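In what follows, a structure is listed as C-alpha cells, so that the remarks can point back to it.
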Amino acid sequence: MISETVENVKGKIRKVVHDLNEHISKPQQKYLLEMIPGCFATSSLNLTAISGYLSEKTKVKHTLKRLQRNTENYSSLLKISNLYNIHSCYEETIKDERVLISVDEGDLVHDYGKSFELISKVRDGSSKKKRINNGYFLNHAVCYSTSSKRVLPLYLDIHSSISPDFKSANNETIKLLDAIEKKFKDKGIFVMDRGYDAGVILEYLYKKDLSFIIRSVGNRHVTYRGKKILVSRLCKSVINKRYKKKSFSYGYAKCYYKGRPMTVISAKGSEKDNYVYLLCEGHIRKSKEAFFRVKSYFKRWKVEESFRFMKQQLGIERCLVRKFDSIKTMLGIASFCWNLLSRIESDRLLAVELERMSRREKYNTKNKTVCTFMHYRISDGIRNLLLSYNKRLFRFRDKKYKSEIVYYMKIPYYLERYREREIIDGIPVLRRKKSVLVA
Numbered sequence: 001m002i003s004e005t006v007e008n009v010k011g012k013i014r015k016v017v018h019d020l021n022e023h024i025s026k027p028q029q030k031y032l033l034e035m036i037p038g039c040f041a042t043s044s045l046n047l048t049a050i051s052g053y054l055s056e057k058t059k060v061k062h063t064l065k066r067l068q069r070n071t072e073n074y075s076s077l078l079k080i081s082n083l084y085n086i087h088s089c090y091e092e093t094i095k096d097e098r099v100l101i102s103v104d105e106g107d108l109v110h111d112y113g114k115s116f117e118l119i120s121k122v123r124d125g126s127s128k129k130k131r132i133n134n135g136y137f138l139n140h141a142v143c144y145s146t147s148s149k150r151v152l153p154l155y156l157d158i159h160s161s162i163s164p165d166f167k168s169a170n171n172e173t174i175k176l177l178d179a180i181e182k183k184f185k186d187k188g189i190f191v192m193d194r195g196y197d198a199g200v201i202l203e204y205l206y207k208k209d210l211s212f213i214i215r216s217v218g219n220r221h222v223t224y225r226g227k228k229i230l231v232s233r234l235c236k237s238v239i240n241k242r243y244k245k246k247s248f249s250y251g252y253a254k255c256y257y258k259g260r261p262m263t264v265i266s267a268k269g270s271e272k273d274n275y276v277y278l279l280c281e282g283h284i285r286k287s288k289e290a291f292f293r294v295k296s297y298f299k300r301w302k303v304e305e306s307f308r309f310m311k312q313q314l315g316i317e318r319c320l321v322r323k324f325d326s327i328k329t330m331l332g333i334a335s336f337c338w339n340l341l342s343r344i345e346s347d348r349l350l351a352v353e354l355e356r357m358s359r360r361e362k363y364n365t366k367n368k369t370v371c372t373f374m375h376y377r378i379s380d381g382i383r384n385l386l387l388s389y390n391k392r393l394f395r396f397r398d399k400k401y402k403s404e405i406v407y408y409m410k411i412p413y414y415l416e417r418y419r420e421r422e423i424i425d426g427i428p429v430l431r432r433k434k435s436v437l438v439a
C-alpha cells in the first residue's frame, strides 16, 4: 500500500513539473524534483537538511554546494510559481460564481540575522508583543472557494524596504492585484484588512472595476446625503436600522467616495462598542447581500492561517540562505509545495490515505474539531510516507551505464514521442535547441 501511495505522490509532483516543461529549463526541472520532496520530508527549506535527505552517492557537501548554486540562480521560479498558482486556481474554480481572494501583508523574521542581504526592520506578527525584528516583508493572497470550501494558493512575494527597487507598500500591493485581477475580475471579491483603505488602493480598485471588502480604521471620509462624514461616526450614530444574526447585528448605508458609489457596513458583536467598519463597492440593495459581505470578511482569516502553515510546515523562516535571490527561490519552492497539496486535496482517495498516515489527531477528547486546516494533515502524511520509504523518490542522477564508454547513434528528431504541453499565460515559452544525438 505504501508503494502505491508513493507512486501517486510521485505522479502529482511530476504533473507539476510536466506542466512547466515549456517554461523552465531541464536543470530547473531537476531542481524542483529534488527540492519539493526534500521540503516535505524535512518540514523545512534548510538546504543542509534537504541535502542529507537526498542521500546521493556523492558526499553531502557536494550535494549542498550544487543546491546552493542552483538556489542562487533560479530566483525566477518565484514569479513562475505565482503565475502557475493563479492559472491552477482559475481552473479549479472555473464553475464557481464567486470566490473570495484574501490579501494580506506578512513578515519573514530572522531575529539574529545581520548578514542577510537587504534585511530590514519588520514587525513580528507571530510574537505576542509585536516586536520589531530583522526580516523581510511578504505579500500574500489566497483564494477561498465558496462552493468547495477549499483554500487555494494564489500569490506570494517578498520585498525589502531598503531595496533600491522598493517604492512603497501600496505599490507592492498594486503589483499583487495586477497579477490576479486579469483572471478573477468577473467573480473575485478582494477581501482586505485594516490599512488597505488607502486612497491609492481604492482608486485602483475602482479604476479596474473590482469587487472588494475592506475593513476601515474609521478615519476615512465618505459622502453621505451630500455631506462628508467619518466612517466611524457614520457606523456608530447614523446607521440606526440593524439586522440581527446569531450573536451580532449589522447595518449598512449607501454612500459615495469621490463621486463613486460605496456601501459602508457596520457590524457589531456581542461586546460593547465592538464595531467593525467595512467598505464595499457599489450600492448594496438587500440585507442578504450585506450579511454575505460580513461573513466573507471573516473568511479573510484563511490568509493568516496560511502564513502560519508556511512557517510551521514548510519552514520558510528556517531557511538560512543569505542572498536575496536565494530567498526568492525558496519562497517559490514553498508555493509549488502548496500547489501540490491542493492537487492532492482534490484527489479524495489519496488525501484520505495521507491523512491516515499523518497520525495527527483531528478531534480532541470532547469530540471537537481541533485541526480544520486540512493541509497540515496532508503534509504530515507526505512526510511520514517519504521517511518510511527506503528508496530515493527520483533517481535521475544515478549513472545509467556501468561502463565509462557511452555509444551514440543518430535518429530523426521526429521519431521522439510527442507530449502535449500546457501553455500558461504570462510565462514565456522556453526555446530549446533540437538535438539529433540521443544517448
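Following the UniProt record's numbering, the numbering of the sequence shown begins with 1 at its first residue and continues without gaps.
Note that CB positions come from ideal geometry on N, CA and C, so glycine has one too.
Predicted model, so just to flag it, every value in this text is computed and none were measured.
Reduced DSSP category for residue i - H, G, I as helix; E, B as strand; rest coil
i       : result
Asp-197 : coil
Arg-69  : helix
Ser-221 : As written in the sequence, residue 221 is His, which differs from the Ser given in the question. In this structure, His-221 counts as strand in the three-state DSSP scheme.
Ile-411 : Because Ile-411 carries a pLDDT of 49, less than 50, the predicted location of this residue cannot be relied on, and the following value inherits that uncertainty. Here Ile-411 sits in coil by DSSP.
Thr-93  : coil
Ile-327 : helix
Pro-153 : strand
Lys-227 : strand
Asp-425 : coil
His-23  : coil
Leu-47  : helix
Tyr-204 : helix
Ile-174 : helix
Tyr-53  : helix
Lys-12  : helix
Lys-254 : strand
Lys-129 : coil
Cutoff 6 Å; reference residue i; Cβ partners in own chain excluding five residues on either side
i           : result
Gly-106     : Leu-138, His-140 and Phe-307
Gly-11      : none
residue 497 : Lying before the first or after the last residue shown, residue 497 is absent from the chain, which here runs from 1 to 439.
Asn-134     : His-110, Gly-113 and Ile-119
Val-429     : Glu-22
Asp-425     : none
Tyr-389     : Val-6
7 Å CB neighbourhood of residue i in its chain, flanking five on each side removed
i       : result
Val-16  : Phe-336, Asn-339 and Leu-340
Thr-48  : Leu-64
Tyr-31  : Asn-70 and Tyr-74
Gly-269 : Ser-247 and Phe-248
Glu-97  : Lys-187
Glu-72  : Lys-323, Asp-325 and Ser-326
Ile-162 : Leu-118 and Ser-120
Ser-287 : Tyr-243
Ser-88  : Asn-339
Leu-320 : Asn-46
Span separating the alpha-carbon of residue i from that of residue j
i           : j       : result
Ser-147     : Arg-215 : 24 Å
His-110     : Ile-36  : 23 Å
Thr-93      : Leu-45  : 30 Å
Arg-359     : Lys-311 : 20 Å
Asn-171     : Ser-160 : 13 Å
residue 514 : Lys-295 : Nothing can be reported for residue 514, as the shown portion of the chain is limited to 1 through 439.
Lys-183     : Val-200 : 22 Å
Phe-116     : Gln-68  : 15 Å
Arg-383     : Val-9   : 11 Å
Arg-431     : Leu-20  : 13 Å
Ala-41      : Ile-50  : 8 Å
Ile-229     : Arg-285 : 21 Å
Leu-177     : Ile-265 : 23 Å
Arg-343     : Leu-33  : 16 Å
Lys-185     : Leu-100 : 12 Å
Ile-86      : Gly-52  : 33 Å
Strand pairing of residue i, partner residues [DSSP]
i       : result
Val-321 : Answer by DSSP bridge pairing: none, since Val-321 is not bridged.
Gly-135 : Val-109 and Ser-120
Cys-280 : Ile-213 and Thr-263
Phe-248 : Lys-245
Met-374 : Its beta-bridge partners do not exist; DSSP assigns none.
Ser-102 : Val-142 and Val-191
Tyr-275 : Lys-268
Ile-80  : DSSP output for Ile-80 lists no bridge partner at all.
Residues of its chain near residue i, where Cβ-Cβ distance is below 8 Å and the 5 sequence neighbours each way are ignored
i           : result
Ala-334     : Cys-39, Leu-45, Leu-156, Met-310, Leu-314 and Ile-316
Arg-417     : Legend: pLDDT at Arg-417 = 45, less than 50; position of this residue unreliable, no value from coordinates given.
Leu-415     : Legend: pLDDT at Leu-415 = 43, less than 50; position of this residue unreliable, value from coordinates given subsequently. None.
residue 503 : Beyond the ends of the chain as shown, which are 1 and 439, falls residue 503; an answer cannot be given.
Arg-318     : Ser-44, Leu-45 and Asn-46
Ile-80      : Leu-20, His-23, Ile-24, Gly-332 and Ile-427
Cutoff 8 Å: residue i Cβ touching any chain C Cβ
i      : result
Tyr-31 : Included in the structure is just one protein chain, with no chain C present.
Near the ligand FMN: residue i beta-carbon under 7 Å from a heavy atom
i       : result
Lys-114 : As for the ligand FMN, it is missing from this structure, which has no ligand bound.
| query | Does the region 337-356 come within contact of the region 101-115, defined as at least 3 CB pairs closer than 8 Å? | reply | no
| query | If we count Cβ pairs, one from each stretch, closer than 8 Å, do we get three or more for the region 323-333 versus the region 56-63? | reply | no
| request: Spell out a yes or no on whether the region 177-196 and the region 292-303 are touching, meaning 3 or more CB-CB pairs, one atom from each, closer than 8 Å. | output: yes
| task | Take every Cβ of the region 231-250, pair it with every Cβ of the region 274-283, and state whether three or more of those distances are shorter than 8 Å. | result | yes
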